[in-house]
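Q: Supplied in structure tokens, the structure appears directly below.
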Amino acid sequence: MAVFLSAGHSLTDPGAVANGRKEADIAVDFRNMVALYLDRAGIPVVTDGSQKDNWPLKQAAAEARKHKIAVEFHCNAASPSATGVETLQGDSDFALGQSICDAISVQLGIKNRGAKPENSGQHHRLAFVQAGGIIVELFFITNLSDLAAYDAKKWLAARAVAEVLEDAYRA
């Protein structure tokens with residue numbers, strides 16, 4: 002069994018666009034960084050495409066169903082003052098979601114908004130969560146401080162997330 006990593010949105014859907022950046026591009030880059038660290042740790046990894054590829058949600062959700070650990074990366078968007086990391090997941094993945102939030106919050110020095118149920122946001126049912134996965138909202142792309150922290154420390158955050166996923170895989 003492998004860890005499945007997905008980048009939110011797809012090649013045809015950029016997701017949120019703010020401060021000259023596209024959510025889908027950030028998600029792909031972060032997915033690739035986490036995959037690199039997991040691979041170096043000897044953890045089998047499957048991703049929703051390689052390099053800059055990024056599958057549509059339907060295909061990513063179908064793949065997520067095949068894995069015990071499935072994580073999809075996104076960026077939040079709201080007012081410029083909104084900040085922090087959060088995850089959305091089902092009850093059985095709550096502890097893992099919280100550990101991911103803790104890791105990112107510490108490395109980026111941003112607010113930890115915590116693990117939340119899938120219906121806590123604007124949507125009530127999320128296909129990736131329904132497929133057994135965790136959605137990670139890395140930070141707010143609309144917040145210049147969050148974005149700067151990510152740009153400065155993204156490799157540290159990716160390594161920390163990989164370590165959390167490695168521990169979960171080995172448990």
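Residue numbering for the sequence shown follows the numbering used here, starting at 2 and increasing by one per position. Yeah, the Cβ is synthetic: ideal placement off N, Cα and C, and Gly gets one too.
1) Sort L148, H75, N20, D26 by Cα distance to T88 and report the nearest one.
2) Let's test the definition: count the other Cβ atoms within 10 Å of the Cβ of S11 and tell me whether it reaches 16, buried, or not, exposed.
3) Can you check the segment 98-148 for any alpha helix (DSSP H) of at least 4 residues that lies completely inside it and give the ranges in chain order?
4) Pull up the distance between the alpha-carbon of V86 and that of E138, whole angstroms please.
5) Between which two residues does the beta strand (DSSP E) holding N77 run?
6) Rounded to the nearest angstrom, what separates L92 and F141 at their Cα positions?
7) Distance check for A42 and L127, CA to CA, integer angstroms please.
A: For this structure:
1) H75
2) buried
3) 128-131
4) 6 angstroms
5) 70-77
6) Note that residue 92 corresponds to Asp in the displayed sequence, not to Leu. Approximately 24 angstroms between the Cα atoms of the pair.
7) 30 angstroms
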